[in-house]
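Accompanying notes for the structure given below.
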Amino acid sequence: MIVLQNKKVIKRGRGRPPARSEEENRRLVVQAAAQEFQANGYANTCIDKIAARAGVSTRTIYQLVSNKAELFGAFIADRAGSFILTVDEAQLDQLPLVEALTRILTNYGKLTLAPETIAIMRLVTAESGRFPEIGRAFYDQAVTKINDVMEAWLVHHQERGAIKLDNPRAAVGMLRGMMLMDPQRDILLGQQDIPTEAEIERRARACATLFLNGCLA
414 MIVLQNKKVI KRGRGRPPAR SEEENRRLVV QAAAQEFQAN GYANTCIDKI
464 AARAGVSTRT IYQLVSNKAE LFGAFIADRA GSFILTVDEA QLDQLPLVEA
514 LTRILTNYGK LTLAPETIAI MRLVTAESGR FPEIGRAFYD QAVTKINDVM
564 EAWLVHHQER GAIKLDNPRA AVGMLRGMML MDPQRDILLG QQDIPTEAEI
614 ERRARACATL FLNGCLA
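Numbering (our numbering), first residue to last: 414 to 630.
This is the structure in structure tokens:
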């Protein structure tokens, strides 16, 4: 007796694969732009190379941004946004004040003292004279937005009566400088290695304690 076995044949559909979403295209393009800018600098990076690295067409990139400067700004905003998302008032309010500020400064240090950010700082310092648009993009998308979120956190606790500040905006600048200026300068000048996460957290705790001791209500 012959037994016939039916086998299910799966046929592949014809035509183009499903199109990626705009959000996915943006993620791929920003990631590719980050790699190109860090590898080649701003002047030597072109949209064609970013498109090839991202696996998209140049037309797709121009549907997302108007020009290379806007793409650089999107890349900076993407990195700054990774820090901004960590400043969650609802979660931070569950912590003692010094622990909350230590967490904020630790995440800020991890962002600003990371090798990728040091490379961006070198790029902006070296090329913003020729391309002032990248200096503006860095200031608008990183400096200003991070200032805003840290100032909002200080104002929140001032309104709760926990701290007292005459000028919260100026206080943010002092706080950021205390956390960042010396180690970032020393790294940029080749006098210090990238700190470990433990070293960043120790500095963050010391800065948070010193700052709060000066402004507790």
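Note that CB positions come from ideal geometry on N, CA and C, so glycine has one too.
All values derive from a computational prediction rather than experimental measurement.
Within 8 Å, strictly: CB atoms of Val562 and Phe488: Against the sequence shown, residue 562 aligns to sequence position 149. Against the sequence shown, residue 488 aligns to sequence position 75. The answer is no: Cβ separation not under 8 Å.
Those residues which DSSP pairs with Leu629 across a bridge: Position 216 of the sequence shown holds residue 629. Note: Leu629 sits in a beta bridge opposite Ile576.
Cβ shell of Leu631 (< 8 Å), same chain only, five flanking positions each side left out: One cannot answer for residue 631 here, as it falls past the ends of the chain, which runs 414 to 630.
Coarse secondary structure for Val443, derived from DSSP in three states: For the purposes of this step, residue 443 is identified with residue 30 of the sequence shown, where counting begins at 1. DSSP places Val443 in the helix class (H, G or I) of the three-state scheme.
Pair within 8 Å by beta-carbon distance, Thr458 and Ala464: One-based indexing of the sequence shown puts residue 458 at position 45. One-based indexing of the sequence shown puts residue 464 at position 51. With a cutoff of 8 Å on beta-carbon distance, Thr458 and Ala464 are scored as not near each other.
Local conformation of Asn560 per DSSP, three classes: Here residue 560 refers to the residue found at position 147 of the sequence shown. DSSP, read as helix, strand or coil, puts Asn560 in helix.
Contacting residues, own chain, Cβ-Cβ under 7 Å from Thr519 (five flanking each side not counted): The residue labelled residue 519 in the question sits at position 106 within the sequence shown. For Thr519, where only same-chain residues beyond five positions count, the Cβ hits under 7 Å are Ile613, Glu614 and Ala617.
Cβ of Gln504 within 8 Å of any chain D Cβ: In summary, chain D is missing from the structure at hand, where a single protein chain is found.
Validate contact between the region 558-577 and the region 501-517 using beta carbons, cut 8 Å, 3 pairs: For the pair of segments examined, the region 558-577 was found to touch the region 501-517: the number of CB pairs separated by less than 8 Å reaches three.
Spatially closest choice to Tyr552 from Thr538, Arg543 and Ala565, by CA coordinates: On the sequence shown, position 139 is the one that residue 552 refers to. That would be Thr538, whose Cα lies nearest to the Cα of Tyr552.
The region 601-612 touching the region 500-508, judged by at least three CB pairs closer than 8 Å: Look at the beta carbons and you see the region 601-612 not touching the region 500-508: under three pairs across the two are nearer than 8 Å.
Inter-residue spacing [alpha-carbon to alpha-carbon] between Gln597 and Lys462: Locating residue 597 in the sequence shown gives position 184, where the first residue counts as 1. Locating residue 462 in the sequence shown gives position 49, where the first residue counts as 1. If you take the alpha carbons of Gln597 and Lys462, they lie about 30 Å apart.
Cβ separation of Phe624 and Ala550, assumed to be a contact under 8 Å, to the nearest whole Å: Residue mapping note: residue 624 aligns to position 211 of the sequence shown, counting from 1. Residue mapping note: residue 550 aligns to position 137 of the sequence shown, counting from 1. In this structure Phe624 is not in contact with Ala550, their Cβ atoms being roughly 29 Å apart against a cut-off of 8 Å.
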